[in-house]
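Asker: Protein chains in written order, with the working numbering: chain G, 1 to 275; chain W, 1001 to 1281; chain X, 2001 to 2374.
C-beta: ideal position from N, C-alpha, C; glycine also.
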Amino acid sequence: MRTSWLKYLGIIVVLLPMVVMSLFPLIVMISTSLKSPAEVYQWPPVFIPREPTLQNYSDIWTVANLAAYFRNSLFVALGATALVMLLAVPAGYALARFRFRGRGFYMLFLLVMQMFPGIVIILALYRVVAAFQMTDNLVTLIILNAAFGLSFAVWLLTGYFSSVPAEVEEAAMVDGNSRLGAMLRMTVPLSAPGLVAVGIFSFIGAWNEFLFALTFIRSQDKLVLTVGLWKYIARFQVEWNYLEASSFLVTVVVVVLFMLVQKNLTRGLIAGAER
Amino acid sequence: MLAPSVLTFLAFIIFPIVNTFVAAFSTVDNLGRIESIGSLRNFQTLAADPRLPGIVKQTAIYAGGSVFAEAVLGMVLALILNSDFRGREWAKALILIPWAMPFAVAAMTWRWIFHGQVGALNYVLISLGIIQGPIVWLGDPTLAFTAALFVEIWTSVPFMTITFLAGLQSIPAAIYDAAKIDGAGPFREFLDMTLPQMRTVVMIVTLLSILWAFNAFGIIWVLTRGDPIYRTDLVVTYLYKLAFEQSDFGAGFALAVCIFVVLMIFSLIYVKVLSVEEEQR
Amino acid sequence: MSTVTCRDLTKRFGDVVAVNKLNLVVQDREFVVLVGPSGCGKTTALRMIAGLETASEGEILLDDQVVNKVPPGRRDIAMVFQNYALYPHMRVYDNIAYALRLRHTPKHEIDQRVHATAKMLEIESLLNRWPKQLSGGQRQRVALGRAVIRQPRAFLMDEPLSNLDAQLRVAMRREIIHLQRNLGITTIYVTHDQVEAMTMGDRIVVMRDGLVQQVGTPSEVYRRPRNNFVARFIGSPAMNLFAGKLMTEAGELQFRSASFRVMLPDAFRAARTSGDSGDVQLGIRPEDVAVVEDRPGNGTVTRGVVDLVEHLGSDAYASVKVGNEIILARVSPDIQLHDGQTVALSFNQSKLHLFDAATGESLLTNLPVVTLQS
């Protein structure tokens, strides 16, 4: 009773502005994407364009080579996700089920790795990549994204696998399965939501990635979305309407995916923290 | 089972780290290839760099300021979202949008909003009568820095909020009942019950955020590229410039080593805090 | 003087009425137990008295003051929770001291009182520990300590013993009783366990679905249940209840069920069922049913076949099948009965209960007390 006025005060003073702030760029994005080039630079700008047009959304595919960028981003993100899952699932399973020397150390290592910014080793990576003649190659991005997304994936998966009771596998093994069989038939399906969540996180991470994509790709047609769109600004004349239309599409993909997993996020964070 | 992942880590993380350290202490040519090992020239170059101190200072303010603001906002939001009200689920989902958006894309849009002539921000402020004419936000060093800080906070608040919310929800509700009976009012409840129990979460998240703020390459690069005149550069973007624009890989390696050391110190604190809290569990 | 009064206390959650016009006066120093199955409203009622829930209707009075709008911290009551609700981030000492600190009690006084309380509850050695390091029983004592140190007007206890194992529960039950007697603080205690209610309460309030079924001393509630719910809820094993009809045969009042018939004392004649349908339920507790030798003149009521005998060490209970009904009888633990054996049962005439089949109400409440030799 006493706290409810405090709560409402908080909602009005803090929550509402924050929600507006969160939405503001999106709104500007959508609004700009619907404007014709003439209207974009108008002053004073209007939020609701007087002559809304969907022309931008069709132009960007040709003018801005968006299709290629989309393809590239998709390629990298899917590839990285597949690679991450391939590497992380066995690792997460091993950490969840087995006790072995070095387990604690490995977990610690993962923890520290999660905070590790790629920028620190970018130079060394560049030399290695250049030595292997792998610059300007999307596969490089797949590998690097996988490597950097790996620690988070393993961390989450360990948590998810731990929450599947070992008895289920033991029952399967008593029934005649090998350990691998038990894992594939029992644990994996049971932790499916967790696996999906990790997959989506990896995908989002690779989709949003900027630094590596910027550093290791040169040719225009190999750019991924994040860098491709940015290069727009680097040009002299920025066609903001195109940029915003493209941005919107890129964002929609991610936000939709993200909303799907947002509930899993907190669960995963806690599960991971409880090891 | 573990082998593949371990190998990956070794190859792509451990090896480059070692490499970086070695290269930092060597002379390096324009393309980063090592010429001779065992020289401090790179560090000397860094030490002599007149821009570096300012950049370091900027980085510190950026990391510290953003984390502080995020923590406060995150906590307030989490408290609000923890109580029941209509539209709560909507609010929760909407708050997450900044974090879900690819930050490069978000930064681009913010750049548009901050546009000196026709940006939305200018429009809103002029309409509200707060300023007279349009301001070139990203042109003025202080304003541009503030803008970058703002975008960083905007991007990271959702994470703080969600994590704090999870923490709040793990506090048993009966505690508050007991505290009420003992005579605690709402502020006392927050100070004596909520905060102490959130201590672990707060510390972890704060440390993580400091580390991530260090990592804020994308936002700066897209928003301002470190302009005007290096005044919004962080150590991370400056590193990039040193190596790829000024072709001074050597200094880049040296800077990378410094950053690494600082990060390691923070990480160690992080781990230490975690293990201390673990003991108390 | 610390009386607690509830007047027409009601609580609604949407369409559900959790507590329905509760009227209760708890006297100074009295130990009253609210008992009933889960969901009967007892905890909600307690929380309203505490101030943790607001009353939808009705009044709560402490001494003679209406406290509906007074926040819990200022009602001068203390509460012990089912899950103890100890502050996990504070040591035992601070848990107990918290309320005093909030009131800015001087430090040395806090220290003195905490130690005194801890000593009384035999937890002095635990003062420096963290709640998670304590066993269930120890946590319980700390929770009690937290309440006791306040020297409140009333104790409110919400199933404090349910999380303890059986033996500990019995021991703590006695401790709480002693504690309450020594301190003389008015106590309202909520439980679903009728054994606790019977052993601890000066008076019991039996509740069901938000409504008070009966208020009385344990003895009253046990011997003169006002309806068939109370009759079966109180007492373990539960009272036998049989459906049947009241009949008069050859001038004698009888109860007749599908499987047997019982002669009823003359005094029962005055009992009237609703609508005079004659549909009643006969109740008799297992300890008032005896297995006897099958001889005429022995008061034999009926014969049946032994279905199952449960041995409890100090007692034994025989389930005897009579027609389609099972009658539970208490028998001597030494008795030799085997399944399938035919036995004769006898009912203690002075311990019969009669309930209206439609309303469940006892039909004996209007009868003069003297006719029932309780």
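Could you check if W/Ala1184 is buried or exposed, using at least 16 other CB atoms within 10 Å of its CB as the buried criterion?
Answerer: By the 10 Å Cβ count, W/Ala1184 comes out buried.
Asker: When the Cα of G/Leu180 is compared with those of G/Tyr93, G/Leu15 and G/Tyr69, which residue comes out closest?
Answerer: Among G/Tyr93, G/Leu15 and G/Tyr69, the Cα nearest to that of G/Leu180 belongs to G/Tyr93.
Asker: Whose C-alpha, out of W/Ala1024, W/Thr1224 and W/Val1271, is nearest the C-alpha of W/Glu1152?
Answerer: Closest option to W/Glu1152, Cα to Cα, is W/Thr1224.
Asker: Please determine, among X/Val2092, X/Asp2076, X/Gln2112 and X/Leu2102, the residue with the shortest C-alpha to C-alpha distance to X/Ser2125.
Answerer: Selected option, being the one with the closest Cα: X/Val2092.
Asker: Would you say G/Ala192 faces chain W, with C-beta separation under 8 angstroms as the test?
Answerer: G/Ala192 does not count as touching chain W.
Asker: How far does the alpha helix (DSSP H) with G/Val198 in it extend, from its first residue to its last?
Answerer: First-last of the alpha helix (DSSP H) with G/Val198: Ala192 to Asn208.
Asker: Contact defined as beta carbons within less than 8 angstroms: I believe G/Ala77 pairs with G/Phe203. What is the distance between those atoms, to the nearest angstrom?
Answerer: So it is a contact: roughly 5 angstroms between Cβ atoms.
Asker: Can you pull the chain X neighbours of W/Gln1197, defined as C-beta to C-beta under 8 angstroms?
Answerer: Under the 8 angstroms cutoff, chain X gives Pro2088 and His2089.
Asker: What is the rounded straight-line gap between the Cα of G/Thr187 and the Cα of G/Gly149?
Answerer: Each residue's Cα considered, the two are about 22 angstroms apart.
Asker: Is G/Ala77 close to chain W? Criterion is C-beta to C-beta, closer than 8 angstroms.
Answerer: Not an interface residue.
Asker: Measure the alpha-carbon distance for X/Arg2232 versus X/Phe2255 and round it to whole angstroms.
Answerer: Roughly 19 angstroms separates the two Cα atoms.
Asker: Please look up how many angstroms separate the CB atoms of X/Pro2237 and X/Leu2328, rounded, as I've assumed it's under 8 angstroms.
Answerer: Right, their Cβ atoms sit about 6 angstroms apart.
Asker: Ignore the nearest five residues each way along the sequence and tell me which others in W/Asp1248's own chain have a CB closer than 6 angstroms to its CB.
Answerer: Leu1242, listed in sequence order.
Asker: If we cut at 8 angstroms on Cβ distances, does W/Asn1042 have a partner in chain G?
Answerer: By this cut-off, W/Asn1042 is not an interface position.
Asker: Does the CB of G/Gln42 have a neighbour CB from chain W at under 8 angstroms?
Answerer: Cβ-Cβ to chain W under 8 angstroms: yes for G/Gln42.
Asker: So what's X/Tyr2093 in DSSP terms, helix, strand or just coil?
Answerer: Looking at X/Tyr2093 - three-state DSSP - the assignment turns out to be helix.
Asker: Going by DSSP in three states, W/Tyr1230 sits in which element: helix, strand or coil?
Answerer: In this structure, W/Tyr1230 counts as coil in the three-state DSSP scheme.
Asker: In chain W, which residues lie less than 7 angstroms from G/Met29 when you measure between Cβ atoms?
Answerer: The answer, in chain order, is Thr1109.
Asker: Closest to G/Thr226 by C-alpha separation, out of G/Leu211, G/Asn137 and G/Ser219, would be which residue?
Answerer: Among G/Leu211, G/Asn137 and G/Ser219, the Cα nearest to that of G/Thr226 is on G/Leu211.
Asker: Less than 8 angstroms between CB atoms is the rule here; does X/Gly2073 satisfy it with respect to chain W?
Answerer: Interface residue, yes.
Asker: Can you look up X/Asn2023 in the DSSP assignment and give me helix, strand or coil?
Answerer: Here X/Asn2023 sits in strand by DSSP.
Asker: According to DSSP, is G/Ile48 part of a helix, a strand, or is it coil?
Answerer: If DSSP states are grouped into helix, strand and coil, G/Ile48 belongs with coil.
Asker: Could you please give me the residues that DSSP links to X/Thr2191 through a beta bridge?
Answerer: Note: X/Thr2191 sits in a beta bridge opposite X/Val2035.
Asker: Going straight from the alpha carbon of G/Val198 to that of X/Gln2167, what length do you get?
Answerer: Spanning the two alpha carbons is a distance of roughly 48 angstroms.
Asker: Report the partner residues of X/Phe2240 according to the DSSP bridge assignment.
Answerer: Residue 2240 of chain X is actually Asn in this sequence, not Phe. Note: X/Asn2240 sits in a beta bridge opposite X/Ile2284.
Asker: Verify the CB distance criterion: does G/Trp207 have a CB-CB separation below 8 angstroms to chain W?
Answerer: Closer than 8 angstroms to some Cβ of chain W, the Cβ of G/Trp207 qualifies, so yes.
Asker: Our contact map puts X/Thr2186 next to X/Glu2030 with C-beta atoms below 8 angstroms; I'd like the distance itself, whole angstroms only.
Answerer: Between X/Glu2030 and X/Thr2186 the Cβ distance is about 6 angstroms, and since that is below 8 angstroms, they are a contact.
Asker: What does the alpha-carbon distance come out to for the pair W/Met1075 and W/Lys1180?
Answerer: Near 22 angstroms, if we compare the C-alpha coordinates of W/Lys1180 and W/Met1075.
Asker: W/Phe1266 to W/Leu1207, Cα distance in whole Å?
Answerer: Near 7 angstroms, if we compare the C-alpha coordinates of W/Leu1207 and W/Phe1266.
Asker: Taking the alpha-carbon of G/Leu156 as reference, which of G/Asp59, G/Asn56 and G/Ala91 has the nearest alpha-carbon?
Answerer: The option with the nearest alpha carbon to G/Leu156 is G/Ala91.
Asker: Go ahead and label X/Arg2146 buried or exposed: buried means 16 or more other beta carbons lie within 10 angstroms of its beta carbon, across all protein chains shown.
Answerer: Buried, by the Cβ-count rule.
Asker: For a contact meaning CB atoms closer than 7 angstroms, what does W/Trp1154 contact in chain G?
Answerer: The contacting residues are Met21.
Asker: Please tell me whether X/Met2079 has its Cβ less than 8 angstroms away from any Cβ of chain W.
Answerer: By this cut-off, X/Met2079 is an interface position.
Asker: Using the Cβ count rule (16 or more neighbours within 10 Å means buried), how would you classify W/Thr1155?
Answerer: Looking at its Cβ environment, which holds 16 or more other Cβ atoms inside 10 Å, W/Thr1155 is buried.
Asker: Along chain G, which residues have their Cβ under 7 angstroms away from the Cβ of W/Ser1005?
Answerer: Chain G residues near W/Ser1005: Leu87, Ala88, Ala91, Leu150 and Val154.
Asker: Shortest alpha-carbon distance to X/Asn2023 belongs to which of X/Val2033, X/Leu2034, X/Gly2014 and X/Arg2007?
Answerer: Residue X/Arg2007 is the option with its Cα nearest to X/Asn2023.
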